[in-house]
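Peer 1: Start counting the sequence shown at 15; every next residue gets the next number (my numbering).
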Amino acid sequence: YCNAKKSGKAWSYKGNQNLKELSFILKETVLIRRTKAQVMDQLRKLPSKTRQITFVDSDPEKETELSNYNKKIKKFSKKAEQMWGGLAFMNRDSEEEESVEEIETRTQKKKTHKKMSQKTEYKKMLIEFFHVSGLAKVKSTQNYISNLLDTGITKIIVFAHHKQVMDRLSAFLSEKKVDHLRLDGKVTRKKR
């Protein structure tokens, strides 16, 4: 059914053929399709979903670095409050509504440029802080996962934003010989 063709010493399995026959065989032998209404009684018997957000401590060795970022962010927030009335400017793509003439003035252009560079600087600072805080929580997360596994829990979903955090968690699970599936931006849609 895969329309295999030999090319040199290798076979190519790209393509398809006899799809109607394949569909008929699958439907008659193994494929079972049900609508939601048909399985609703069984769905009601399943336990309800358990969603839990767990807060973990950061690594004490990273506290100084996190504290420095936190100070920078607070300092920037105070500066933004004094200069522009708060961080609301972060959500705007341009200045408050002004006439075309005001926007065209040199002073206004400098102010806009400065505001945009401040906006970029602030976003960069936040991204760096999130990255550092993610790395700072890896050890605690590993301990938490280890405790769950020790209690007999076998299915866990862990969401992580940064690649380095995922790398470290994957390495930890591999080291403990725990089967796991990692889905990140490198995994193609087909493999998901």
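All residues carry an ideal CB built from backbone N, CA and C; glycine is no exception.
1. Pairs of beta-carbons, one from the segment 145-153 and one from the segment 73-83, closer than 8 Å: are there three or more?
2. If I'm right that I170 touches L162 with Cβ under 8 Å, what's the distance once you round it to whole angstroms?
3. Give me the Cβ distance between L36 and Y15, rounded to the nearest whole Å; I'm assuming they're in contact under 8 Å.
4. If you run the structure through DSSP and keep just helix, strand and coil, what is K20?
5. Please say whether H194 and H145 have beta carbons closer to each other than 8 Å?
6. Step through the CB atoms of chain B and report whether any lies within less than 8 Å of the CB of E135.
7. Can you give me the start and stop residues for the alpha helix (DSSP H) that L36 sits inside?
8. Given that a residue counts as buried once 16 or more other Cβ atoms are within 10 Å of its Cβ, and exposed if not, what is I167?
9. By a C-beta neighbour count over all protein chains shown, 10 Å radius and 16 as the cutoff for buried, is I159 buried or exposed?
10. Grab me the residues of F90's own chain with a C-beta within less than 6 Å of its C-beta, minus the 5 sequence neighbours each way, in chain order.
11. Assuming R206 contacts L197 under a Cβ cut-off of 8 Å, what Cβ separation, rounded to an integer in Å, is found between them?
12. Confirm, please, whether the CB-CB distance from Y83 to F143 is below 8 Å.
13. Per DSSP, which one or two residues make a beta bridge with S26?
14. So, is T68 buried or exposed, given that buried needs 16 or more other C-beta atoms within 10 angstroms?
15. Which residue marks the beginning of the alpha helix (DSSP H) containing V192, and which one marks its end?
16. Which of the three DSSP states, helix, strand or coil, is assigned to F144?
17. So for D55, helix, strand or coil by DSSP?
18. In terms of residue numbering, what span does the alpha helix (DSSP H) encompassing I159 cover?
Peer 2: Based on what the coordinates show:
1. With a cut-off of 8 Å, the segment 73-83 and the segment 145-153 count as touching, because enough Cβ pairs lie within range.
2. Contact annotation, I170 with L162: C-beta distance approximately 6 Å; criterion of less than 8 Å satisfied.
3. Confirmed, about 5 Å.
4. DSSP places K20 in the strand class (E or B) of the three-state scheme.
5. With contacts defined by Cβ atoms closer than 8 Å, H145 and H194 do not form a contacting pair.
6. Among the chains of the structure shown, chain B does not appear; only one protein chain is present.
7. Looking at the DSSP string, the run of the alpha helix (DSSP H) that includes L36 is 33-43.
8. Classification for I167: exposed.
9. The residue in question, I159, is buried, as its Cβ has 16 or more Cβ neighbours within 10 Å.
10. Counting only residues of its own chain and dropping the five nearest sequence neighbours on each side, F90 has a CB closer than 6 Å to the CB of Y136.
11. Yes, they are in contact, since the Cβ atoms of R206 and L197 sit about 6 Å apart, within 8 Å.
12. Yes. Within cutoff.
13. Under DSSP, S26 takes part in a beta bridge, and its partners are K19.
14. Counting Cβ neighbours within 10 Å, T68 comes out exposed, since fewer than 16 surround it.
15. Per DSSP, V192 belongs to no alpha helix (DSSP H) and is neither H nor E.
16. Helix at F144.
17. Under the three-state reduction of DSSP, D55 is assigned to helix.
18. For I159, the enclosing alpha helix (DSSP H) has its first and last residue at 152-164.
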